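This report concerns only the one structure given below.
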Amino acid sequence: MTAALDIRGLTVRYGGTTAVNDLDLTIHRGETVALLGTNGAGKSSTVNAALGLFRPAAGTVEVLGRAPLAAVRAGGVGAMLQHGGLPSESRVGEVLRLVAGRYDDPWPMADLVTTTGIAGLLDRRCEQLSGGQRQRVLLALALAGTPPLLVLDEPTSAMDVEGRQAFWATMRELAGRGHTVVFATHHLAEADAVADRVVVVDGGRVVADGSSAAIKSRIAGRTVRFACPDRTGLADLPGVTAVGGTGDRVELATTDAEATLRALLTTRDRLPDLEVAGASLEQAFLTLTGGTP
Amino acid sequence: MTALLTFQLRRVLRSWQYLFFTVLLPALFTVFFTQVFGGQAASAGEYQDYARDSMVSMMCYGGLGAALGATIRLSFDRASGWLRQLRVLPVAGREVVAVDTAVGMLLVLPSLVVVALVGRFVNDVQLPLTSWAALLGALWAGSAAFVALGMLLGLALEEKAAGAAIGILSVVLAALGGLWVPVEIFPSGLATAARALPSYWYAELGRSVVAGSGAALPVLALAGFAALFAAAAVAVGARRPLHAVAG
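Residue numbers (my numbering), protein chains in the order written: chain W, 34 to 326; chain U, 3 to 249.
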């Protein structure tokens with residue numbers, strides 16, 4: 034069985050900027066994968082290259098064993114894009130019927146409408162939809178052909194909290210039905226709630242790849258901050274994965290705050306201005322990339 | 003293909019601006035110009051000449067407006083993200099372009115037919131049946147030049163510029179091409195400029211078909227414009243694909 038998505042050596046450049054740098058990623062059928070990263074990490078470029086929206090500077094992309102465009106044409110891929118949209122002067126139901134008509138094996142309309150929660154919107158003009166409603170209609174379009182692979186680029190960005198919850202409930206249901214779901218997000222919580230595999234992207238590369246729990250344990254690390262002019266030996270303390278901070282203010286990223294503190298206190302009498310906090314996603318990236326800012 | 007064509011036709015026909023500017027306005031102008039100026043005609047023959055020429059001009063005005071209005075809208079579909087969305091559906095880009103071109107050609111017909119009907123039944127323009135058919139056929143075929151121009155602008159312009167271009171271009175092409183005021187009474191410089199416009203040759207095509215005189219020159223000129231605009235549209239489309247994000 035070919036992979037749902039097979040990316041090798043992908044490099045994407047815009048002018049002088051390298052958005053994706055020699056990225057490798059294989060996603061197997063049936064997986065639910067989150068591409069997690071900050072804005073500008075290269076998630077969208079990876080997703081757009083996977084859909085064949087542009088020709089990459091280097092590397093190959095295979096979708097369900099075909100070239101991206103061929104896979105899209107064959108109805109194998111459903112996608113929600115960041116810059117996708119709905120036509121003016123048309124009603125939701127008309128657009129949905131038009132799209133469903135393009136597939137040999139469309140998702141039964143009544144069920145599609147219920148699954149995506151757009152039953153009340155079919156007679157609505159596309160211009161009159163709220164951001165969240167629009168995203169749900171776009172999801173219905175992505176699902177119209179019952180595609181084995183779903184690719185979603187920050188699908189919940191225009192949704193409120195309730196909308197997000199409903200959306201991800203739908204995604205879990207789809208994953209349960211055997212669809213391969215790949216989505217880009219910058220919310221750790223979203224990745225954690227839905228994905229069974231999380232791929233962390235930073236600087237156009239994959240910096241971590243593992244089960245949601247494994248990634249979470251790594252990036253759910255802690256930050257220990259205190260004032261200290263001398264940084265000698267700090268990087269070798271137990272649990273410490275990165276040493277950051279500016280000036281006298283030291284910031285240690287650690288996977289085991291307790292062990293780190295214990296070791297610190299054996300060699301020092303006091304730790305002025307001590308703070309221990311949960312790591313933010315940015316700090317988590319530091320941990321994962323093993324670098325300092 | 004048929005479903006997409008019907009879908010696109012329905013969208014354009016929902017726009018009241020389209021119906022107003024390309025069907026209603028040319029029809030009203032036909033009546034207005036003929037009643038005001040034709041009413042001063044010295045003889046029945048002179049009235050016929052005037053009514054016929056103004057009808058042909060208004061058919062051209064409506065036809066080119068419809069051709070441009072229906073196709074420049076492509077730019078709106080880029081701005082809304084619909085073209086990008088179509089790219090991730092099993093719809094080929096060629097099909098999108100082919101359908102919009104067909105929509106442009108088809109939507110020229112209501113303008114031509116309505117103005118012709120007004121000319122015949124309100125202004126009493128008398129032509130042999132074969133001339134009516136030839137006139138409609140020639141002006142329909144000739145509208146291809148404006149469909150090509152509209153596709154070019156729809157591909158090249160951003161939403162706001164495209165919206166403005168629909169109105170401004172129809173007016174400029176109509177006024178300078180001699181569709182509102184005959185080129186014969188233009189100052190000579192302006193008359194020369196008029197001959198550089200496709201709208202002038204479009205009206206010339208209509209007038210020569212009605213007069214039964216040779217239409218080779220207007221046909222050649224319009225074919226040249228159509229080829230030029232189509233080639234430019236292909237070049238723009240190659241540089242800037244349909245699914246490229248606006249801006």
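C-beta: ideal position from N, C-alpha, C; glycine also. If you're wondering where the values come from, they're calculated on a predicted model, not measured in any experiment.
Item: If you measure from the beta carbon of W/E122 to each beta carbon in chain U, is any gap under 8 angstroms?; Value: yes
Item: Does DSSP put W/Y136 in a helix, in a strand, or in coil?; Value: coil
Item: Per DSSP, U/Y63 forms a beta bridge with which residues?; Value: U/Y63 is not bridged to any residue.
Item: Of all the beta strand (DSSP E) runs that stay within the bounds of the region 178–241 of chain W, which reach a length of 3 or more residues?; Value: 182–186, 213–218 and 230–235
Item: At a cut-off of 7 angstroms, would you count W/V283 as near the ligand NAP, judging by its Cβ distance to the nearest heavy atom?; Value: Among the components modelled here there is no ligand, and therefore nothing to report on the ligand NAP.
Item: Does the beta-carbon of W/Y47 have 16 or more other beta-carbons within 10 angstroms, so that it is buried, or is it exposed?; Value: exposed
Item: Does any residue of chain U bring its CB to less than 8 angstroms from the CB of W/R106?; Value: yes
Item: On a CA-only basis, which of W/L285, W/R255, W/I40 and W/A246 is nearest W/T265? Give me that one, please.; Value: W/L285
Item: For W/T325, I'd like the list of residues in its chain whose CB is within less than 8 angstroms of its CB, leaving aside the five on either flank, ordered along the chain.; Value: Bear in mind that the predicted position of W/T325 carries a pLDDT of just 43, short of 50, making it unreliable; the figure below should be weighed with that in mind. Taken in chain order, the residues that qualify are A275, V276, G277 and L319.
Item: Mind checking whether W/V239 and W/V232 have CB atoms under 8 angstroms apart?; Value: yes
Item: Excluding the five sequence neighbours on either side, which residues of its own chain have a C-beta within less than 7 angstroms of the C-beta of W/R205, listed in chain order?; Value: V227
Item: By the three-class DSSP mapping on this structure, what secondary structure does U/N125 have?; Value: coil
Item: What does W/Y136 reach in chain U if we use C-beta pairs closer than 8 angstroms?; Value: P92
Item: The beta strand (DSSP E) that contains W/L68, what's its start and end?; Value: T65 to L69
Item: Indicate whether at least one CB of chain W lies closer than 8 angstroms to the CB of U/G208.; Value: no
Item: Classify W/V94 as buried or exposed, calling it buried when 16 or more other Cβ atoms lie within 10 Å of its own Cβ.; Value: buried
Item: Are the CB atoms of W/P141 and W/G178 nearer to each other than 8 angstroms?; Value: no
Item: How about W/G237 and W/L56: are their beta carbons less than 8 angstroms apart?; Value: yes
Item: Find the nearest neighbour of U/R54 within the set U/A135, U/G121, U/A232 and U/A147, judged by alpha-carbon distance.; Value: U/G121
Item: Could you pull the start and end residues of the alpha helix (DSSP H) that U/F31 belongs to?; Value: L27 to F35
Item: Tell me the DSSP secondary structure of W/T35 in three-state form.; Value: coil
Item: Which residues in chain W have a C-beta closer than 7 angstroms to the C-beta of U/L244? List them in chain order.; Value: Under the 7 angstroms cutoff, chain W gives no residues; its nearest Cβ is about 11 angstroms from U/L244.
Item: Go ahead and pull the three-state DSSP assignment for W/I151.; Value: coil
Item: Pop quiz: W/P262 and W/A296 are said to be a contact at Cβ under 8 angstroms. What is the actual Cβ separation, rounded to whole angstroms?; Value: About 19 angstroms separates the two Cβ atoms, so there is no contact after all.
Item: Using beta carbons (cut-off 8 angstroms, strictly below), is U/V238 in contact with chain W?; Value: no
Item: From the DSSP secondary-structure annotation, give me the bridge partner or partners of U/S45.; Value: Answer is none; U/S45 lacks a bridge partner.
Item: List, in chain order, every chain U residue whose beta-carbon is nearer than 7 angstroms to that of W/V132.; Value: L91
Item: Can you tell me where the beta strand (DSSP E) holding W/F259 begins and where it ends?; Value: R255 to A260
Item: With DSSP as the reference, identify every bridge partner of W/E95, one or two as the case may be.; Value: W/D39
Item: What is the DSSP secondary structure of W/R157, counted as helix, strand or coil?; Value: coil
Item: Given a limit of 9 angstroms on CB to CB distance, which residues of the region 205–229 of chain W reach chain C?; Value: Of the chains in the structure shown, none is chain C; the protein chains are W and U.
Item: With a cut-off of 8 angstroms, does the C-beta of W/L183 fall near any C-beta of chain U?; Value: no
Item: Please work out which residues of its chain come closer than 6 angstroms, Cβ to Cβ, to U/S56, disregarding the five sequence neighbours upstream and downstream, and give them in chain order.; Value: F35 and T36
Item: Which residue comes first and which comes last in the beta strand (DSSP E) that contains W/A286?; Value: R282 to T287
Item: Could you work out which residues of chain W lie near U/R86, taking near to mean beta carbons separated by less than 9 angstroms?; Value: L86, L114, H116, G117 and G118
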